[in-house]
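Asker: Before anything else, here's the structure in question.
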Amino acid sequence: MFGIIISAILLLSPNFNSAKLRKLSTLIAAVSLAFLAYFSAIIIYQNISVSLFSYYLAPMLTLAFSVDRLSAFFILVIALVSFGVTIYSAEYVEHYKSVKKKNALLSLMFGYIASMILIISSINMFSFLFFWEIMAVSSFILVMFDYEKKETRKAGLFYFIMTQLSTVFLLVAFLIIYHASNSLDIKQITSISPTLAGTAFAFLFLGFGTKAGVIPFHKWLPYAHPASPSNISALMSGIMIKVAIYGLMRFVIFVLPSSLWYGVAIFAFGVISALLGVIYALKEHDIKRLL
Numbered sequence: 003m004f005g006i007i008i009s010a011i012l013l014l015s016p017n018f019n020s021a022k023l024r025k026l027s028t029l030i031a032a033v034s035l036a037f038l039a040y041f042s043a044i045i046i047y048q049n050i051s052v053s054l055f056s057y058y059l060a061p062m063l064t065l066a067f068s069v070d071r072l073s074a075f076f077i078l079v080i081a082l083v084s085f086g087v088t089i090y091s092a093e094y095v096e097h098y099k100s101v102k103k104k105n106a107l108l109s110l111m112f113g114y115i116a117s118m119i120l121i122i123s124s125i126n127m128f129s130f131l132f133f134w135e136i137m138a139v140s141s142f143i144l145v146m147f148d149y150e151k152k153e154t155r156k157a158g159l160f161y162f163i164m165t166q167l168s169t170v171f172l173l174v175a176f177l178i179i180y181h182a183s184n185s186l187d188i189k190q191i192t193s194i195s196p197t198l199a200g201t202a203f204a205f206l207f208l209g210f211g212t213k214a215g216v217i218p219f220h221k222w223l224p225y226a227h228p229a230s231p232s233n234i235s236a237l238m239s240g241i242m243i244k245v246a247i248y249g250l251m252r253f254v255i256f257v258l259p260s261s262l263w264y265g266v267a268i269f270a271f272g273v274i275s276a277l278l279g280v281i282y283a284l285k286e287h288d289i290k291r292l293l
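Letter by letter, the sequence shown follows residues 3 to 293 of the working numbering.
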């Protein structure tokens, strides 16, 4: 994990201006991702929970991280996909003429990957939302990376609106959960009334569903993917959408009280999204839009 962050910081240095140094940064990140995949696999195999660290910012505002079997599975997926994308990016970024753009794309990409890993390992709602917004902002900048093109600027604006709506929905849901439980700790929330839980679920579904591209919140997908650089498009379709799925699973299964209609709603929207998604994909000829 620290290797990814170190790589992102190194690429911001003006002295990091050669292809060899960029490849060194991708190597550091790739090795870090390989260790992260190994670490996640051990947690999944041994079915354990590992507390990582916490950082106190202010009263009730703490960045705290822990990994259990569910989060380890999603971190494993992120690490494996990101490993492949990192190797690919070592050569892909070289087609840009500007050294600053080459370094910026890699640095932003590593920051983007790190934010998704930190979302998955967050154990309180403040930490979760903090890194969720970092993921949203970094992905917006990456979608807008080739901003010279008119269609890219249009896609970026559309994506920014949708991703900020997602954050607002999650903020409302988290405030409802905090009001009902008086706790920001995801693992310690136990008592929520059915009425407030139902309202929280609705906002959680809107927030995570928008980011996951669930129909009818999917309209940003065919705009953002073609506008993004190819390596970023792979990360968005390969893992960012899964981060939203993780969030929905984490809160519905472990935070909210059990309710049949939660499962029915998710199942119904999932079936509709799968069927219409296949129909939309069949008529597409652009590979990125098809994804």
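For each residue, glycine too, the CB sits at the ideal point set by N, CA and C.
1. Can you tell which of F130, S129 and A10 has the C-alpha that lies nearest to the C-alpha of G113?
2. When you compare the CB positions of F132 and L65, do they come within less than 8 Å of one another, or not?
3. Can you list, in chain order, the residues of its chain with a C-beta nearer than 8 Å to that of K151? Leave out the 5 residues immediately preceding and following it.
4. Give me whichever residues DSSP pairs with Y58 in a beta bridge.
5. Kindly indicate which three-state DSSP category V254 falls into: helix, strand or coil?
6. So which of A39, I7 and A43 has the shortest CA-CA distance to S27?
7. Exposed or buried, which one is A157 when buried takes at least 16 other CB atoms within 10 Å?
8. To which residues does DSSP link S53 through a beta bridge?
9. What do you get for V216, buried or exposed, if any count of 16 or more other CB atoms within 10 angstroms of its CB means buried?
10. Sort out for me which residues DSSP pairs N126 with in a bridge.
11. Roughly how many whole angstroms lie between the Cα atoms of K213 and F271?
12. When DSSP labels each residue in this structure, what does I217 get in the three-state scheme?
13. With a floor of 4 residues, list each alpha helix (DSSP H) that falls wholly inside the segment 99–148, ordered by position along the chain.
14. Could you tell me which of F210, F130 and H97 sits nearest to S68, measuring between CA atoms?
15. Between the C-alpha atoms of S124 and T201, what's the straight-line distance to the nearest angstrom?
16. Check the C-beta distance from F205 over to A175 and give it rounded, since I have them as a contact under 8 Å.
17. Return the CA-CA distance between L63 and V95, expressed in angstroms with no decimal places.
18. Where I77 and L198 are concerned, what is the direct C-alpha to C-alpha distance, given to the nearest angstrom?
19. To the nearest angstrom, how far is the alpha carbon of G211 from that of N105?
Answerer: Reading from the atomic positions:
1. A10
2. yes
3. A229
4. T64
5. helix
6. I7
7. buried
8. S68
9. buried
10. D187
11. 14 Å
12. coil
13. 101–123 and 127–145
14. F130
15. 23 Å
16. 4 Å
17. 38 Å
18. 30 Å
19. 32 Å
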